[in-house]
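Below is one structure; the comments refer to it alone.
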């Protein structure tokens, strides 16, 4: 029996993929624990397999200016969220390591405290890469941003890690688990990376979804901008609503609007507006009915759609989303539109293409087959067990 401590940021998109890995480890008789700035975010999805959850925080407060894009948005993400998050998490991660005594720390790629504290305490650590954006060098062509970032990581290591350490906290020299495959993320050398594909595991479903509303005679189109974009999505969701109503003779639309930007829900047989959906279960239905997903190119949403062979329309907003959107286009599984400027004509043309041109659905089905063959959570668990054995 080995012990694994998962260190994750308080972001659902970074927690959900490793929940299945933790469950696979527990099923094999190993022990797991978690370190997170929001313990409730872990305890819910992980359920009975959560083990002990150590609070590490609090997370930085305050949101980003809605109009930030490009390098400025990236710099804001690091300076005002990721780096302060590492500093606030570090004491709690250290306490978790001392109390749980893990054989391996599994550190999310954006939870730097996991890697740096493990390095300082001499505990082997693996990287959980829940987005494939870092494997494409997102800072290419931005030398000043890269220089700034490297200086900040050096200062962070001096504050919470081992000043003599040399490993990039985003890439463990022992094991990097990438929850994608090269067929989507792109080829090229990625030394030490294990491409395990998406970790699709059961999670608590949102109750009250009106399954009876779905019309089996029409394709279903799901529109979602994820959980972190409620402050900027109103215009785009409104455009999507118009596009879906224009095509109501052949499609039904489900729009996820957690911020209520489209106003109170109305009784509408063609477009359902709801604050939340059971996304995995709904995507299974969308895939069976030859539907499509319109989204922000969040890595989890893209991979969950492709798992079910669903083509996409992607409208990236910020962070890793432009990189993932580029992967979608390059793999031939979807079309890209401009989030801030696309109107009904552009979004409608992209949606018509992925719904009716067979190449997109065929490519999505091919990626889905590759994803399933990669092994997902079971393969990731096997790599972690192997690492624990090598280091034991």
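In the numbering used here, the protein residues as written are 47 to 438.
From the three backbone atoms N, C-alpha and C, an ideal C-beta is built for every residue, glycine too.
Legend entry - CA-to-CA distance, residue 83 to residue 55, given in whole angstroms: Within the chain shown, residue 55 is the residue found at index 9, counting from 1. Within the chain shown, residue 83 is the residue found at index 37, counting from 1. Each residue's Cα considered, the two are about 7 Å apart.
Inset, instruction - May I ask you to verify whether the region 291-311 touches the region 259-270, counting CB pairs closer than 8 Å and requiring at least 3? - result: With a cut-off of 8 Å, the region 259-270 and the region 291-311 count as touching, because enough Cβ pairs lie within range.
Inset, instruction - Tell me whether the beta-carbon of residue 244 lies closer than 8 Å to the beta-carbon of residue 349. - result: Stepping through the chain shown from its first residue, residue 244 is reached at position 198. Stepping through the chain shown from its first residue, residue 349 is reached at position 303. Yes, Cβ-Cβ distance for residue 244 and residue 349 is below 8 Å.
Inset, instruction - Flag this pair as yes or no: are the beta carbons of residue 143 and residue 163 separated by less than 8 Å? - result: In the chain shown, residue 143 corresponds to position 97, counting from 1. In the chain shown, residue 163 corresponds to position 117, counting from 1. Contact flag set, yes.
Inset, instruction - Could I get the ranges of all uninterrupted beta strand (DSSP E) runs contained in the region 204-252, with 3 residues as the minimum, in chain order? - result: Listed in chain order, they are 222-224, 239-241.
Inset, instruction - For residue 50, name the three-state secondary structure that DSSP assigns. - result: Reading the chain shown from its first residue, position 4 is the one you call residue 50. In the three-state reduction of the DSSP assignment, residue 50 falls in the strand class.
Inset, instruction - Mark residue 286 as exposed unless 16 or more other C-beta atoms lie within 10 angstroms of its C-beta, in which case mark it buried. - result: Taking the first residue of the chain shown as 1, we reach residue 286 at position 240. Per the 10 Å Cβ criterion, buried.
Legend entry - DSSP-derived helix/strand/coil call for residue 255: Against the chain shown, residue 255 aligns to sequence position 209. In the structure shown, residue 255 sits in coil (DSSP, three-state: anything other than H, G, I, E or B).
Legend entry - Beta-carbon spacing of residue 206, residue 136 below 8 Å: Your numbering for residue 206 matches position 160 in the chain shown. Your numbering for residue 136 matches position 90 in the chain shown. In contact: residue 206 and residue 136 (Cβ atoms closer than 8 Å).
Legend entry - residue 76, buried or exposed, once every other Cβ within 10 Å from all chains shown has been counted against 16: The count along the chain shown starts at 1 and reaches residue 76 at position 30. So residue 76 counts as buried.
Legend entry - Among 57, 88, 59, the one whose alpha carbon lies nearest that of residue 69: Position 23 of the chain shown, counting from 1, holds the residue named residue 69. The shortest C-alpha separation from residue 69 is found at 88.
Inset, instruction - Mind checking which residues open and close the alpha helix (DSSP H) that includes residue 166? - result: Counting from 1 along the chain shown, the entry for residue 166 is found at position 120. Here the alpha helix (DSSP H) through residue 166 covers 158-167.
Legend entry - Closest residue to residue 86 among 178, 434, 50, 99 (Cα-Cα distance): By 1-based counting over the chain shown, the position of residue 86 is 40. Cα-wise, what sits closest to residue 86 is 99.
Legend entry - Residue from 50, 390, 359 whose Cα sits closest to the Cα of residue 97: Counting from 1 along the chain shown, the entry for residue 97 is found at position 51. When each option's Cα is compared against that of residue 97, the closest is 50.
Inset, instruction - Would you mind working out which of 435, 263, 202, 319 sits nearest residue 284, comparing C-alpha positions? - result: Along the chain shown, one-based indexing puts residue 284 at 238. Of 435, 263, 202, 319, the residue nearest in Cα terms is 319.
Inset, instruction - Mind the definition here: the region 402-410 touches the region 222-233 only if three or more C-beta pairs lie below 8 Å; say whether that holds. - result: Between the region 402-410 and the region 222-233, the count of C-beta pairs closer than 8 Å stays below three; the two stretches do not touch.
Inset, instruction - Return the residue from the list 218, 125, 396, 430 that minimises the CA-CA distance to residue 242. - result: Residue numbering aside, residue 242 sits at position 196 when the chain shown is read from its first letter. The shortest C-alpha separation from residue 242 is found at 430.
Inset, instruction - Note down the Cα distance separating residue 74 from residue 200, rounded to an integer number of angstroms. - result: Here residue 74 is taken as the residue at index 28 of the chain shown, counted from 1. Here residue 200 is taken as the residue at index 154 of the chain shown, counted from 1. Using only the alpha carbons, I get a separation of about 38 Å.
Legend entry - Cβ-based neighbour list, residue 176, same chain, cut-off 6 Å, excluding 5 preceding and 5 following: One-based indexing of the chain shown puts residue 176 at position 130. The answer, listed in chain order, is 60, 63, 225.
Legend entry - Coarse secondary structure for residue 178, derived from DSSP in three states: Translated into positions along the chain shown, residue 178 becomes position 132. Of the three classes helix, strand and coil, the one that applies to residue 178 here is coil, per DSSP.
Inset, instruction - Tell me whether residue 70 sits in a helix, a strand or coil according to DSSP, three-state version. - result: Taking the first residue of the chain shown as 1, we reach residue 70 at position 24. If DSSP states are grouped into helix, strand and coil, residue 70 belongs with the helices.
Inset, instruction - Name the residue from 362, 289, 211, 246 whose alpha carbon lies nearest to the alpha carbon of residue 417. - result: In the chain shown, counting from the first residue as 1, residue 417 sits at position 371. Taking only the C-alpha atoms, the option nearest residue 417 is 246.
Legend entry - N-terminal and C-terminal residue of the beta strand (DSSP E) that residue 155 is part of: Taking the chain shown and counting its residues from 1, the one referred to as residue 155 is at position 109. Going by DSSP, residue 155 is part of no beta strand (DSSP E) at all; its letter is neither H nor E.
Inset, instruction - Express the C-alpha separation of residue 156 and residue 214 in angstroms, rounding to a whole number. - result: Looking up residue 214 in the chain shown gives position 168. Looking up residue 156 in the chain shown gives position 110. Cα to Cα, residue 214 sits roughly 12 Å from residue 156.
Legend entry - Supposed close pair residue 37, residue 338 - CB separation, criterion 8 Å: Shown here, the chain extends from 47 to 438; a query on residue 37 therefore has no answer.
Legend entry - Boundaries of the alpha helix (DSSP H) in which residue 413 is found, first to last residue: As a first step, residue 413 must be located in the chain shown, where it is residue number 367. That run of the alpha helix (DSSP H) goes 404-420.
Inset, instruction - Return the residue from the list 383, 204, 387 that minimises the CA-CA distance to residue 399. - result: To locate residue 399, count along the chain shown from 1; it is residue 353. Residue 399 has its Cα closest to that of 383, out of 383, 204, 387.
Inset, instruction - Assign residue 102 to buried or exposed, taking buried as 16 or more other Cβ atoms, counted over all protein chains shown, within 10 Å of its Cβ. - result: Residue mapping note: residue 102 aligns to position 56 of the chain shown, counting from 1. Using a 10 angstroms sphere on the CB of residue 102, the tally of other CB atoms reaches 16 or more, which defines it as buried.
Legend entry - Host beta strand (DSSP E) of residue 101 (start-end): If you number the chain shown from 1, residue 101 lands on position 55. Per DSSP, residue 101 is one residue of the beta strand (DSSP E) stretching across 98-101.
Inset, instruction - Determine the DSSP secondary structure at residue 382, reduced to helix, strand or coil. - result: Locating residue 382 in the chain shown gives position 336, counting from the first residue. Of the three classes helix, strand and coil, the one that applies to residue 382 here is strand, per DSSP.
Legend entry - Exposure label - residue 402; buried when at least 16 CB within 10 Å: Within the chain shown, residue 402 is the residue found at index 356, counting from 1. Counting the other Cβ atoms within 10 Å of the Cβ of residue 402 gives fewer than 16, which makes it exposed.
Inset, instruction - On a CA-only basis, which of 158, 386, 90 is nearest residue 140? Give me that one, please. - result: Residue mapping note: residue 140 aligns to position 94 of the chain shown, counting from 1. When only C-alpha atoms are compared, the closest one is 158.
Legend entry - Chain-order list of residues whose beta-carbon lies under 8 Å from that of residue 231 (same chain, five-residue window excluded): Taking the first residue of the chain shown as 1, we reach residue 231 at position 185. Contacts found: 178, 181, 182, 224, 241, 373.
Inset, instruction - Look at the alpha carbon of residue 352 and the alpha carbon of residue 289, and state the distance between them as a whole number of angstroms. - result: Here residue 352 refers to the residue found at position 306 of the chain shown. Here residue 289 refers to the residue found at position 243 of the chain shown. Rounded to the nearest angstrom, the two C-alpha atoms are 23 Å apart.
Legend entry - Continuous beta strand (DSSP E) stretch holding residue 296: start and end: Working through the chain shown from its first residue, we reach residue 296 at position 250. Here residue 296 belongs to no beta strand (DSSP E), and DSSP marks it neither H nor E.
Inset, instruction - Mind checking which residues open and close the beta strand (DSSP E) that includes residue 377? - result: Residue mapping note: residue 377 aligns to position 331 of the chain shown, counting from 1. Residue 377 -> no beta strand (DSSP E), and no H or E assigned at all.
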